[in-house]
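Chemist: Below is one structure. I have some questions about it.
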Ligand code: FES
């Protein structure tokens, strides 16, 4: 998909030419729908000429990048179609695709893409009539939605403002309690390093600015004496356990509850070996933003140390093992959910106005990627040049594609630490994208990221009874 895939011109030019005729990219599987479309042709079944077919071996091969690329390059609508469930020539390709397409659909809907623009159907090789009907339905829907001319702001458009989050539910830990946690961490690090049980103790040290904390890799007792704990210990240290930042050797790592979920995710994905780690859970009363307010992710978190940790550190001392035996329990409503509900209550065009303004501010600095433990690929999709799936330079289309594909890649994997949002110099609300998809994964598949190291990642699995209400009947 290099260069201009769709020689169709900008929407205005197309309208001038012939009244509005939508362009619909249909990504179809070779074995069923492509043959079904062929059948429609050989039986002389007429259907709208608006579709451009893109043949793939199986819907299991359909990447959300293809869908986003089609929209980015000027398609007004996209249809993905393949074999009926049970008929896939690669057995389960379409069932896995069904999960992925459901999540992609939720993402596109959340950023405000009109739902009439994205369609999924099952059409077999013998269903030429059905193919013609699906194309008619899809073309009609996309025509009603109009040309996709969404990339520039409309004149006089009011910005969308999110409601103020509620006040924090709990008081902060006192400086004395924080100092006690720090003291206990130093003593544990001294004992683990001194006894040679680990080669590195990965925790937090005092930053140059007072009251801040930065990651600290202690390899001896002198370095361990600089370890601290305070409510500015933001970084998710799991980022140093996999990928290009991986710290070699036997590593003890300090984890808040959200950070521990990332470790479980990395374990699930085969990115680390549990026996190479000593997990030091800290009972965390929450971290604070620059303005002193409790971070939104902390409102609902009980702060308890995750199951599976080797040590629990609190102001009271160091215990062996973890306190938690059951799944985390929300202690207050999650303010991110209120912001998501607010956005979902808006018409799609207003949602898109919100996200377009957010994406337009993206600097493409990739700070979000750098701080994310689950972004460990050696070569990120944003760096692929042949084909170049995502335009490399800053611009509305590339920015939207980058942020959308990153959110999609984290669906069912994001630990919810919100480090991407904190690290973003443009303060994009990436937390809302990640959280919205986490909720969708939980609602559809009953799965929460970072809880079970032996569970199959939800977008690499399927159940035959997975809901498919979004697929054309
Ligand atoms: Fe058609 Fe898998 S071969 S969907």
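Numbering (my numbering), first residue to last: 15 to 487. Ideal Cβ positions, reconstructed from N, Cα and C, are used throughout, including at glycine. Since the structure is predicted, the reported quantities are computational estimates derived from the model, not experimental observations.
On the three-state DSSP scale, how would you describe residue 153?
Modeler: Helix.
Chemist: Note the first and the last residue of the continuous beta strand (DSSP E) segment covering residue 43.
Modeler: Where residue 43 is concerned, the enclosing beta strand (DSSP E) stretches over 38–43.
Chemist: Take residue 48 and list the residues in its own chain whose beta-carbon comes closer than 6 angstroms to its own, dropping the five residues that flank it on each side.
Modeler: Excluding residues within five positions, the ones whose Cβ falls inside 6 angstroms are 42, 69.
Chemist: List the whole-angstrom C-beta distance separating residue 280 from residue 256, where the pair is believed to meet the contact cut-off of C-beta under 8 angstroms.
Modeler: Indeed they touch by this definition, with Cβ atoms about 5 angstroms apart.
Chemist: Specify which residues have a beta carbon nearer than 6 angstroms to any heavy atom of ligand 1, listing them in chain order.
Modeler: Having a Cβ closer than 6 angstroms to some heavy atom of ligand 1 are 43, 45, 46, 72, 73, 74, 96, 97, 102, 103, 104, 107, 108.
Chemist: Leaving out the 5 sequence neighbours to the left and right, which residues in its chain are closer than 7 angstroms to residue 122 when beta-carbon positions are compared?
Modeler: Result list for residue 122: 132, in chain order.
Chemist: Within 10 angstroms of its Cβ, does residue 457 collect 16 or more other Cβ (buried), or is it exposed?
Modeler: Under this definition residue 457 is an exposed residue.
Chemist: Thinking just about the alpha-carbon of each residue, which of 414, 74, 66 is nearest to the one in residue 474?
Modeler: Ranking 414, 74, 66 by Cα distance to residue 474 puts 74 first.
Chemist: Determine the contact status of residue 382 and residue 434, defining contact as a CB-CB distance below 7 angstroms.
Modeler: Contact flag set, yes.
Chemist: Using beta-carbon positions only, say whether residue 90 and residue 362 come within less than 7 angstroms of one another.
Modeler: No; because the gap between Cβ atoms is not below 7 angstroms, this pair is not in contact.
Chemist: Candidates 396, 198, 228: which alpha carbon is nearest residue 83's?
Modeler: Answer by Cα proximity: 396.
Chemist: Could you check if residue 60 is buried or exposed, using at least 16 other CB atoms within 10 Å of its CB as the buried criterion?
Modeler: With fewer than 16 other Cβ atoms within 10 Å, it is exposed.
Chemist: I need the straight-line Cα distance from residue 331 to residue 430, nearest angstrom please.
Modeler: Between residue 331 and residue 430, the C-alpha separation is close to 27 angstroms.
Chemist: Kindly indicate the opening and closing residues of the beta strand (DSSP E) around residue 165.
Modeler: Unbroken run through residue 165: none, as it is neither H nor E.
Chemist: Hey, how far is the Cα of residue 481 from the Cα of residue 142?
Modeler: So the two alpha carbons sit approximately 25 angstroms from each other.
Chemist: Could you tell me which residues DSSP pairs with residue 220 in its beta bridges?
Modeler: Answer by DSSP bridge pairing, in chain order: 227.
Chemist: Reducing DSSP to helix, strand and coil, say where residue 16 ends up.
Modeler: Since pLDDT at residue 16 reaches only 39, below the 50 mark, its modelled position is unreliable, and the value read off the structure follows with that caveat. Reduced to three states, the DSSP call for residue 16 is coil.
Chemist: Closer than 8 angstroms by C-beta to residue 181: which residues in its own chain qualify, once you throw out the five before and the five after it? Chain order, please.
Modeler: Once the five neighbours on either side are set aside, residue 181 has no close Cβ partner at all.
Chemist: Relative to the C-alpha of residue 414, which candidate in 437, 376, 439 has its C-alpha closest?
Modeler: The shortest C-alpha separation from residue 414 is found at 376.
Chemist: Strictly by DSSP, which residues pair up with residue 433?
Modeler: DSSP output for residue 433 lists no bridge partner at all.
Chemist: Nearest by alpha-carbon distance to residue 191: which of 244, 237, 437 is it?
Modeler: The shortest C-alpha separation from residue 191 is found at 244.
Chemist: Should residue 355 go down as buried or exposed, given a rule of 16 or more other Cβ atoms within 10 Å for buried?
Modeler: So residue 355 counts as exposed.
Chemist: Is residue 415 near ligand 3, with its Cβ less than 6 angstroms from a heavy atom?
Modeler: Ligand 3 is absent from the structure shown, which contains only ligand 1.
Chemist: Thinking just about the alpha-carbon of each residue, which of 235, 453, 268 is nearest to the one in residue 218?
Modeler: Considering only alpha carbons, the answer is 268.
Chemist: Going residue by residue through the stretch 72–121, where are the continuous beta strand (DSSP E) segments of at least 3 residues, counting only ones entirely within it?
Modeler: Those beta strand (DSSP E) runs which fall completely within the stretch 72–121 and span 3+ residues are 91–96.
Chemist: Just the C-alpha distance for residue 226 and residue 220, rounded to the nearest angstrom, thanks.
Modeler: If I take the Cα positions, the gap works out to 6 angstroms.
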